[in-house]
Amino acid sequence: MPKTINILGVTGSIGQSAVDVIEANPERFSVNLVTAHTNEKQLNKIAKRINAKKTVLTGRDNLSEALQESVDITLCAIAGMAGLSSMMLAIKHSKAVAIANKEPLVAAGEQVIRAANKYGTKLLPVDSEHNAIFQVFDCDRRAEINKIILTASGGPFRKWSLEQMEKATIEQALAHPNWSMGAKISVDSATMMNKALEIIEAHYLFNIPANQIEVLVHPQSIIHSMVEYIDGSVLAQMGASDMRTPISNVLDWPDRLSTPGYKLDFKTVNDLSFEQADNIRFPALGMAYECLEKGQSACVAFNAANEIAVDSFLEGCIGFLDIMDCVGHILKNINIISLNNIDDIYEYDNNIRAESRVYINEITNRVVLVS
Ligand code: NAD
Ligand code: MG
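Each residue of the sequence shown is one higher than the one before, counting from 266 in this note's numbering.
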């Protein structure tokens, strides 16, 4: 029997890669629902390609009704915190949920994991690092795991000085050396906020404390992450920088699908190198550990401030270094409160977004005064 599948955010970079995987394995899937935010024409085109039964334009239609129908698997590939409510519904009504959309995990990891346990829903990580760990993490022997090592490419500004980064343009921030991705995650890779979000994502997905999560810069993006065991063995997952591999790994899990993605040719790999991340030029990493120590409200604020700052940068309102300046400012001034449910999280998230906009206005006014 083919698996029934929903793809939320099908017009995006992850969504399109999933479409490629499904097109290459048509007998394995029956597509129930595909969604996009605003681009109806593209949504309909994709729906036709993979014979989707239903389409929903989330900027106009009500998605919650379409998500009530039970399916084998839902792929959450919406960008940002906007994907939280659909992720919660998917967890309730799908047997498995493949998560690419990391921001809801950062902000509401506790609630997401609790809901998956409550409904017996399998969560399958799509993010390449977390998918790598998923493949080499022995859940039955977690006491024998020393640490997980998240690899990071270092992004387009790995070797840039702060002076150069200050003048970085939108185009330069979007030009990732190894991966082709949506705009928001590309900017996050340039600030290394993406790796910071992934530290928190790993904490929730693998129920592992912050002091057992390490980040290592590996510019070639061939080792997608590693797990070190107490006997010193290190297990790594490797592959080409192509999201169709982790997507193929989860869509028919525990079976493996053949993928149309690139395969790694070791004969062309001349170098596998590793280096420490620079915490001065990339303060996001330290902030992620700080957030895990402070608790959930700090994680919500960290993500929300970043989403607002990245939008402002992409609109040309602030400079590249202002992104982390804004996130750092918000973190320094937050009220740590306890968030008991999804409504609390939304309310707190909204407040932080408003505060971030106020701070960004201050930055832009400062620029006008100076110039
Ligand atoms: P993208 O911007 O290319 O696509 C986002 C998709 O979400 C689109 O289909 C868009 O229509 C939809 N969308 C946008 N705003 C929405 C809203 N307010 N409500 C509902 N739908 C909305 O993004 P992407 O690069 O595919 O990334 C998607 C998610 O996967 C992100 O959370 C990202 O961090 C994560 N991820 C992406 C990659 C990658 O290679 N692109 C890798 C790992 C993780
Ligand atoms: Mg990743």
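Note that CB positions come from ideal geometry on N, CA and C, so glycine has one too. Predicted, not measured: the structure shown is a model, and the values here were computed from it.
- With 16 or more neighbouring CB atoms inside 10 Å of its own CB, glutamine 502 falls in the buried class.
- Residue state for phenylalanine 567 is assigned as helix, using DSSP reduced to three classes.
- Under the three-state reduction of DSSP output, proline 369 falls in the helix class.
- Listed in chain order, the alpha helix (DSSP H) runs fully inside the region 526-582 are 549-559 and 561-579, counting runs of at least 4 residues.
- The DSSP assignment places 268-273, 294-301 and 319-322 as complete runs of the beta strand (DSSP E) inside the region 268-323, in order along the chain (cut-off: 3 residues).
- The way I'd put it, the region 473-486 doesn't touch the region 347-356; fewer than three beta-carbon pairs between them come closer than 8 Å.
- Going by beta carbons, cysteine 341 and asparagine 366 fall inside the 9 Å limit.
- For methionine 430 against arginine 546, the beta-carbon gap comes to about 7 Å, under 8 Å, which counts as contact.
- With a threshold of 8 Å, the Cβ atom of glutamate 463 counts as near the ligand MG, since some heavy atom of the ligand is closer than that.
- The alpha helix (DSSP H) runs of length 4 or more contained entirely in the region 602-636 are, from start to end of the chain, 607-635.
- With a threshold of 8 Å, the Cβ atom of asparagine 327 does not count as near the ligand MG, since no heavy atom of the ligand is closer than that.
- The beta carbon of asparagine 411 sits no closer than 8 Å to any heavy atom of the ligand MG.
- When DSSP reads this structure, lysine 387 sits in a beta bridge with Ala361.
- It is roughly 12 Å from the alpha-carbon of glycine 581 to the alpha-carbon of alanine 438.
- Taking 8 Å as the cut-off, the C-beta of asparagine 304 counts as close to a heavy atom of the ligand NAD.
- Along the length of the region 418-474, whole alpha helix (DSSP H) runs at least 4 residues long occupy 427-431, 435-439, 448-456 and 458-470, reported in chain order.
- With a contact defined as Cβ atoms closer than 8 Å, asparagine 297 and alanine 355 miss out at about 12 Å.
- Bridge pairing for glutamate 493: Lys412 and Val499 [DSSP].
- One Cα belongs to phenylalanine 539, the other to isoleucine 583, and the distance between them is close to 32 Å.
- Assigned with DSSP and collapsed to three states, leucine 522 falls in coil, not helix or strand.
- For alanine 569, the CB contacts under 6 Å within the same chain, skipping 5 residues up- and downstream, are Asp614, Ile617 and Arg618 in chain order.
- If you ignore the 5 residues before and after alanine 448, its C-beta comes within less than 7 Å of the C-beta of Leu439 and Leu579, all in its own chain and listed in chain order.
- Exposed is the label assigned to leucine 427, since fewer than 16 other Cβ atoms lie within 10 Å of its Cβ.
- Within the same chain, Cβ atoms closer than 8 Å to the Cβ of methionine 346 are found at Glu368, Pro369, Ala372, Asn568, Ala569, Glu572 and Asp614, the five residues on either side in sequence being excluded.
- Of the residues assessed, glutamate 466 falls on the buried side of the cut-off, its CB having 16 or more other CB atoms within 10 angstroms.
- Aspartate 392 has its CB nearer than 8 Å to a heavy atom of the ligand MG.
- Alanine 574 sits buried, since 16 or more C-beta atoms from the chains shown fall within 10 Å of its C-beta.
- For leucine 273, the CB falls within less than 8 Å of some heavy atom of the ligand NAD.
- Residues Ile410, Ile413, Phe471 and Val492 of the same chain have their beta carbon placed closer than 8 Å to that of phenylalanine 402, with the five preceding and five following residues left out of the count.
- If you draw a straight line from the Cα of threonine 300 to the Cα of glutamate 292, it comes to about 22 Å.
- Scanning its chain for C-beta atoms nearer than 7 Å, with the 5 sequence neighbours on each side dropped, one finds around glutamate 620 the residues Ile595, in chain order.
- DSSP, reduced to helix, strand and coil, places aspartate 507 outside both helices and strands of the structure shown, so it counts as coil.
- For the pair alanine 542 and valine 482, the CB atoms are nearer than the 9 Å cut-off.
- Leucine 604 and isoleucine 610 have their C-alpha atoms roughly 6 Å apart.
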